[in-house]
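*Asks:*
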Amino acid sequence: MGFAALALLGAERRPGVEVVMELVDLETRMAGADLVITGEGSLDTQSLAGKVPVGVARVSARHGIPVVAVCGRSLLDRDQWAAAGIDHVWALRDLAGSDQESIRRAPALLQEVGGRIGQELAARSRQRQLMAGPAGPGEE
60 MGFAALALLG AERRPGVEVV MELVDLETRM AGADLVITGE GSLDTQSLAG KVPVGVARVS
120 ARHGIPVVAV CGRSLLDRDQ WAAAGIDHVW ALRDLAGSDQ ESIRRAPALL QEVGGRIGQE
180 LAARSRQRQL MAGPAGPGEE
């Protein structure tokens, strides 16, 4: 069926992540974002071949928005995920100590990671405010 569509209907073959990002209008939705959070169960070499986190990171890079990936486990080293445009990876397995424990404690671990990401984002915001100096009269 796929070959017939390509040959007879002029269809084109595209990675699924590209189609989904286009359908949800990801470029527009990212406008004005301070941070993008993406994730998947296992961040690995298949992720580098065009899965959601790397696709999202590429779009984010065009907008200069940092990307954090949250995953169950990461089999990539820092150089690999950084080269893919991901600024930080939170792997639940690293926090829990094992795959089984990360699965069992996933809701609590995700909440913990979300809190840590929020704290980091708030700290960056405060730092930007300090660097900008005090607001003048009539400014907020």
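All you need for this note's numbering is the position in the sequence shown, starting with 1, plus 59.
Just so it is clear, CB atoms sit at the ideal spot from N, CA and C, and this is done for glycine as well.
If you're wondering where the values come from, they're calculated on a predicted model, not measured in any experiment.
1) Determine the direct distance from the alpha carbon of D84 to that of W140, and round the result to whole angstroms.
2) Taking the beta strand (DSSP E) that A143 falls in, what are its first and last residues?
3) Hey, which unbroken runs of the alpha helix (DSSP H) at 4 residues or more fall wholly within the segment 62-131?
4) Mind checking G174: buried by the 16 CB within 10 Å criterion, or exposed?
5) How is the alpha helix (DSSP H) around L151 delimited, first residue to last?
6) Among W149, S106 and V118, which residue has its Cα nearest to the Cα of E179?
7) Does the segment 101-109 come into contact with the segment 181-196, if we say contact requires no fewer than three beta-carbon pairs (one atom in each stretch) closer than 8 Å?
8) Where do the ends of the alpha helix (DSSP H) carrying R164 lie?
9) Quick one, are the C-beta atoms of S157 and L168 less than 9 Å apart?
10) Please name the residue, chosen from G98, G109, E99 and H122, that lies closest to L74 on a Cα-to-Cα basis.
11) Which word fits P112, buried or exposed, when buried means at least 16 other C-beta atoms lie within 10 angstroms of its C-beta?
12) If we ignore side chains and look at the alpha-carbon of each, how far apart do S101 and V76 end up?
*Replies:* Let me spell this out:
1) Along the sequence shown, read from residue 1 onward, the residue named residue 140 stands at position 81. Along the sequence shown, read from residue 1 onward, the residue named residue 84 stands at position 25. Their Cα atoms are separated by approximately 24 Å.
2) Along the sequence shown, one-based indexing puts residue 143 at 84. Element bounds for A143: n/a, residue is neither H nor E.
3) Here the runs fully enclosed are 75-82, 85-89, 104-107 and 111-122.
4) Position 115 of the sequence shown holds residue 174. Here G174 is exposed. Its C-beta has fewer than 16 other C-beta atoms within 10 Å.
5) The residue labelled residue 151 in the question sits at position 92 within the sequence shown. First-last of the alpha helix (DSSP H) with L151: L151 to A155.
6) Walking along the sequence shown from the start, residue 179 turns up at place 120. When each option's Cα is compared against that of E179, the closest is W149.
7) Contact between the segment 101-109 and the segment 181-196 is absent, because fewer than three Cβ pairs lie under 8 Å.
8) Taking the first residue of the sequence shown as 1, we reach residue 164 at position 105. Where R164 is concerned, there is no enclosing alpha helix (DSSP H), given that its DSSP letter is neither H nor E.
9) Along the sequence shown, read from residue 1 onward, the residue named residue 157 stands at position 98. Along the sequence shown, read from residue 1 onward, the residue named residue 168 stands at position 109. For S157 and L168, no; Cβs fall outside 9 Å.
10) Position 15 of the sequence shown, counted from the start, is the residue given in the question as residue 74. In the sequence as presented, Leu is not what sits at residue 74; that position holds Pro. With distances taken between Cα atoms, P74 lies closest to G109.
11) As a position in the sequence shown, residue 112 is number 53, starting the count at 1. Under this definition P112 is a buried residue.
12) As a first step, residue 101 is located in the sequence shown; it is residue number 42 there, counting from the start. As a first step, residue 76 is located in the sequence shown; it is residue number 17 there, counting from the start. Cα-Cα distance, rounded: 16 Å.
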